[in-house]
Amino acid sequence: MKSAPCVPTTPWRQVWFGERSTDNVNDVQPPTNESAARVPERATARVAHLTFNDGTPLSIPPDAIVVFIGANNSGKSQALKDMCYEALGIGSGNQRVVVTSVRWQTSGSAEALKQYLEDSGRVSSRSGDHVLVSRRMGSDLSSFLQQWGQDQDPHRVAPFVMYADTEQRLRGSHPVAAAPGYDGPRSEPLQRLSRSKHAQDELASASVRAFARPVFLDRWTGDGQWSLKAGEKPEYVEGQPPDHELRRIESLPLLKDEGDGVKSFVGILLEWQASNHQVAFIDEPEAFLHPPQATMLGQELSRLTSVGERQLFVSTHSRDMLLALLSGTQPVLVVRLHRDGDSTRVSRLSREQVETLWADALLRQSNIFDGLFSQEVILCEGDTDCAFYGEVLARAQTVRDGETLPASGPAFRHTNGKDRIAVAANALRAAGVPLSAIVDIDVFGETKSFNRLVESMGGEPHKFAADLETVQRALDGQAPDTTVDAVREKVLPLLARPGRTPITDADREQLREAFKSQSALKRFGKAGLRYFESEEPNADALESCRSLIRDCHAIGIHVVPNGALESWAPELRTTKGRWLVEALERGIDRLSRFGEAVAFVTAATEAQAPPAGTSPLQTVPVRNESPRLL
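No gaps in the numbering here: position 485 of the sequence shown is 531 in this note's numbering, and each next residue is one more.
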């Protein structure tokens, strides 16, 4: 809707984005058919469709937020450049790298476009025949209007587009020349900000929430320049403030002299809030920000995008930014990029998968979401497993005949128990994350949870069924070990020590365990393959167990053959809670089975779950009042 005429004596009557002031609701009358017919059409430009270099198509709703995620160097930033290169002249060459095709959809007449350009402050005030297409380009106004609607001209959408990389948004805090009169053209964000008290108040409020300090537009002390100052705004918003207020304003620090975090936060919001751009491309908006500020920025970006059905494209490496962008009511498309040689593999995380991950409190506290931004992920049962296997892989660099492992190794993420590995694996595989899992051998003890794990890693449970049944039947036929012989076997080594040997906490734990009734599954979980080799010899069960381990390995599930984590250092006679501490204190590379552990973890990095099958990324915009992923 066209903005109301500006009244010089009440300059704040024209509110942000040209919305009519609602200070006096009695002024607002229901539109008649005649008045509705006089409302001019609106010029718009939106991204309608993308094609990635692996051939994946993606349709974009006109009011969508699109979030590109992935590991470092996966092509997130390049995707944004590819999308707006032709329109804004951004990039280093004409060849698109990640996004190979962009289809824009425009609407509105040339007259509507001219009105949009004038409202944007892009028409030259001197001659009225020159238009600032973008900060990099200008054009003759009449020629530009003639090109409107010609799909082959990429520059036609430039006035509708905002691009903000790190350098660009830091420059947004710099002072600019004062605007030439209230009705003069205002091409800079600060100049446009001066027209909206509402936008100024919201910017100040966001700064207070994020940094406990407001910002305001200083139009009085800059000697012909306007700037953002950090501090309380003056009480006088019209006319010239009194001398004592001017002195206070002059003493306040310029925003451009503040830290990069504040400048980046305010610079992004200033550009997206004070402009009438319809499409924004923002590269890693969380840069320079701590997680709480990144969350606040994401929430603000989501809210501002909902004004006027705008589009927002973001590349991010931040879980906090991703979740904040999902918090609004806009349709959100989460697209993960994975570089595979010269090609970029594209996957999309569905709404249900994100909600499942985030709804599980234990998974929420285990940094599983960070796996979406990793080159590859290894899922483990607990944080102790992650710490041990991660340290083994790090130390392996020193035992490989001079070969150095890649600097960006896998991210180890735990799921607070083996039962939740399947939940995390379903989501991460669907998002295209290269994935494997490490589990203890007692995973073979329960059919349903084992089948869920196999399915989540792309396997077919029926192919494991026969061997699994053989192992479980052998375990079911074993009696508990609470016999005199079993207790004697555990206690005699302790009693054989010299009489004055102190009893340690580990010894006490061993004595308690000796008198506990342990099921066959628990004993199997501690002994691993040795259980069927020597403790309870069973050739068929042993062969089936080995077959299960091989078949699991083929789909990225790596089963500890000796039982559990503690089996990598059986010489450490300590409690389960102290095991990792003592292993680290002794030195991982000095443990008796360090070499075996290296081979095991290395195999886990090489044998991964097969990629999840993906369908074309088609979306249908469905309006509702709750956050959603399409």
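The beta-carbon is built from N, C-alpha and C at its ideal position, and this holds for glycine as well.
Quiz item: Where do the ends of the beta strand (DSSP E) carrying T375 lie?
Solution: Neither: T375 is in no beta strand (DSSP E) and is coded neither H nor E.
Quiz prompt | Option in G504, Q339, E642 and A520 with minimal Cα separation from A468 | solution = Answer by Cα proximity: G504.
Self-check item: S297, buried or exposed, once every other Cβ within 10 Å from all chains shown has been counted against 16
Solution: exposed
Quiz item: Of all the options D431, R639 and A407, which has the alpha carbon lying nearest to the alpha carbon of H460?
Solution: D431
Exercise. Note down, one range per segment and in chain order, each beta strand (DSSP E) of at least 3 residues found wholly within the stretch 103-138.
Key: 103-105 and 111-116
Self-check item: For R382, the three-state DSSP class (helix, strand or coil)
Solution: strand
Quiz item: Taking C-beta to C-beta, are N462 and Q399 nearer than 8 Å?
Solution: no
Quiz prompt | Contacts around S590, its chain only, beta-carbon distance under 6 Å, and the 5 residues preceding and following it disregarded | solution = D513, T516 and V517
Exercise. Have a look at T68 and H244 and give me their C-alpha separation to the nearest angstrom.
Key: Bear in mind that a pLDDT of 33 at T68, under 50, signals an unreliable position, so the model cannot answer this.
Practice problem: Would you grab the beta carbon distance between A110 and Q345 for me? Rounded to a whole angstrom, and I think it's under 8 Å. | Solution: In fact, because the Cβ distance is near 17 Å, the residues do not count as touching under 8 Å.
Quiz item: For I106 versus Q357, is the C-beta spacing smaller than 8 Å?
Solution: In contact: I106 and Q357 (Cβ atoms closer than 8 Å).
Quiz prompt | Nearest residue (CA-CA) to S565, options D488, T547, F257 and P616 | solution = D488
Practice problem: Tell me where the alpha helix (DSSP H) around V686 begins and ends. | Solution: Coverage of the chain is limited to positions 47 through 676, which leaves residue 686 absent and any answer about it impossible.
Quiz prompt | Other residues of its chain near Q124: CB distance less than 7 Å, five sequence neighbours each side excluded | solution = V143 and V144
Exercise. Give the DSSP-derived three-state secondary structure of W266 in the structure shown.
Key: coil
Quiz item: In angstroms, rounded to a whole number, what distance separates the CA positions of T56 and S242?
Solution: Its pLDDT being 30, under 50, T56 is placed unreliably by the model, and nothing is read from it.
Quiz item: Mind checking whether H604 and F646 have CB atoms under 8 Å apart?
Solution: The answer is yes: Cβ separation under 8 Å.
Practice problem: Tell whether a beta-carbon distance below 8 Å holds between L347 and W318. | Solution: yes
Quiz prompt | Buried versus exposed, by CB contacts within 10 Å (16 or more), G687 | solution = Past the boundaries of the shown model lies residue 687; the chain is included only from 47 to 676, so the question cannot be answered.
Quiz prompt | Three or more C-beta pairs below 8 Å linking the stretch 328-338 and the stretch 363-370 | solution = yes
Quiz item: Roughly how many angstroms separate the alpha carbons of L216 and K309, rounded to a whole number?
Solution: In this structure, the straight-line span from the alpha carbon of L216 to that of K309 is close to 6 Å.
Self-check item: Residues sharing a beta bridge with Q286, DSSP
Solution: According to DSSP, Q286 bridges with nothing at all.
Quiz item: In three-state DSSP terms, what is W194?
Solution: coil
Exercise. Locate the beta strand (DSSP E) running through W318, then write down its first and last residues.
Key: First-last for W318: D306 to A320, but that is the alpha helix (DSSP H), not the beta strand (DSSP E).
Self-check item: Enclosing beta strand (DSSP E) for V143 [first to last residue]
Solution: Note, V143: premise wrong, no beta strand (DSSP E); not H, not E.
Quiz item: Going by C-alpha distance, which of S361, I549 and A225 is nearest G268?
Solution: A225
Self-check item: Cα-Cα separation, L521 to K464
Solution: Taking the straight line from one Cα to the other gives about 20 Å.
Quiz item: When you compare only the Cα positions, how much space is there between A156 and D165?
Solution: A156 and D165 have their alpha carbons spaced roughly 14 Å apart.
Quiz item: Using CA coordinates, which residue listed in D586, G633, R554 and L316 is at the minimum distance from A442?
Solution: Cα-wise, what sits closest to A442 is G633.
Quiz item: Is the beta carbon of A256 sitting closer than 8 Å to the one on Y162?
Solution: no
Self-check item: Nearest to A117 (by Cα), restricted to the options A573, V423, I601 and L403
Solution: V423
Quiz item: Between the Cα of I328 and the Cα atoms of L126, L408, S233 and T351, which residue gives the shortest distance?
Solution: Among L126, L408, S233 and T351, the Cα nearest to that of I328 is on L126.
Quiz item: I484 bridges to which residues according to DSSP?
Solution: In the DSSP output, where bridge partners are listed per residue, I484 has H604.
Self-check item: 8 Å Cβ cutoff met for D486 and G609
Solution: yes
Quiz prompt | Presumed contact (8 Å Cβ cut-off) between T97 and T146, rounded CB distance | solution = 5 Å
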